[in-house]
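Below is one structure, written out as structure tokens, with a few remarks after it.
Numbering (this note's numbering), first residue to last: 16 to 295.
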């Protein structure tokens with residue numbers, strides 16, 4: 016089977032909008048600082064997707080694990096406290112009618128709908144990651160695991176990322192300590208990016224995959240108005256720790272120039288506004 020990194024098939028089509036209400040995040044009482052990031056204490060480690068599941072890695076492993084850790088004072092580096100992306104991916108694909116042993120992409124909203132209606136999802140301790148589509152279906156296609164309620168997401172919203180208002184929304188949300196996911200088109204130099212230059216600006220040549228322009232979903236966790244000539248957002252990716260730049264002692268991150276960010280972004284960012292049940 017062709018590797019997703021060779022095929023450039025990460026699992027998202029930004030041309031299809033998310034069916035999520037668009038709101039304006041509350042503005043902080045004081046002007047946001049020039050540089051900020053969410054609390055790394057609640058961030059799970061960078062992972063590596065091996066299926067077209069970027070939308071699940073960003074929304075479920077990223078945002079949901081962060082939300083559960085923050086709400087329950089948990090250590091997100093421990094598998095029992097991480098929402099399983101691969102189990103959630105297979106269950107969401109099944110809900111959407113995907114044939115067994117085949118793997119397609121999806122939408123962020125599908126994941127949050129699943130996490131809400133099922134009351135959470137399995138943890139990485141109970142549903143560890145698998146490498147590739149066939150292994151994922153073999154392990155989890157016929158399994159129905161008890162969902163952990165700390166991973167239930169009961170409300171989520173989106174916000175515009177366009178123009179000056181979009182950057183204001185981004186800064187307001189990060190200043191409030193809330194990460195968000197966003198869909199994007201990728202340039203041809205993004206997948207090979209290994210941390211130079213900083214910030215990432217891109218070569219402005221769109222990558223082409225099996226279905227046309229290559230789409231992807233990532234999680235924004237910070238910003239710096241003084242990074243590069245325009246400022247930059249800090250992004251946690253799902254390409255593994257050998258990709259991108261180092262941040263907080265680990266690889267797998269990228270500072271994306273504000274102008275580039277707004278050019279490649281789908282136009283909205285999605286974030287969690289309410290988690291479900293608390294632990295114990």
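All C-beta atoms, glycine included, are put in the ideal place defined by N, C-alpha and C.
- Counting only unbroken stretches of 3 or more residues, the beta strand (DSSP E) elements lying wholly within the region 136-181 are 168-175, in sequence order.
- Residue state for residue 283 is assigned as strand, using DSSP reduced to three classes.
- Annotated three-state conformation of residue 215 is strand, per DSSP.
- The C-alpha of residue 49 is placed about 6 Å away from the C-alpha of residue 239.
- Within the region 243-292, the beta strand (DSSP E) runs of at least 3 residues that lie entirely inside it are, in chain order, 247-251, 260-262, 265-272, 280-290.
- Here DSSP, grouped into helix, strand and coil, assigns residue 195 to strand.
- In this structure, residue 70 places its C-beta atom within 7 Å of the C-beta atom of residue 26.
- Counting the other Cβ atoms within 10 Å of the Cβ of residue 59 gives 16 or more, which makes it buried.
- Under DSSP, residue 223 takes part in a beta bridge, and its partners are 228.
- Distance from the Cα of residue 257 is smallest, within the candidate group 62, 46, 24, for 62.
- Bounds of the alpha helix (DSSP H) holding residue 106 are 100-110.
- Under the three-state reduction of DSSP output, residue 71 falls in the helix class.
- Rounded to whole angstroms, the Cβ separation of residue 216 and residue 272 is 5 Å, and the two are in contact under 8 Å.
- Following the DSSP letters along the chain, one finds residue 87 inside the alpha helix (DSSP H) bounded by residues 80-87.
- Residue 238 sits in a strand when the DSSP states are folded into three classes.
- Checking the DSSP bridge columns, you'll see residue 57 has no partner listed.
- In the structure shown, residue 116 adopts coil according to DSSP, grouped into three states.
- Contact between residue 284 and residue 235 holds, with the beta-carbon distance rounding to 7 Å and staying under 8 Å.
- Excluding residues up to 5 positions away in sequence, 99, 102, 160 lie with their Cβ nearer than 6 Å to the Cβ of residue 137 in the same chain.
- Beyond the five residues adjoining it in sequence on each side, residue 275 comes within less than 6 Å, by CB distance, of 216, 217 in the same chain, given in chain order.
- A residue is called buried when at least 16 other Cβ atoms come within 10 angstroms of its Cβ; residue 263 does not meet this threshold and is exposed.
- In the structure shown, the three-state DSSP call for residue 34 is coil.
- In this structure, 214 is the residue among 80, 214, 228 with its C-alpha nearest to the C-alpha of residue 242.
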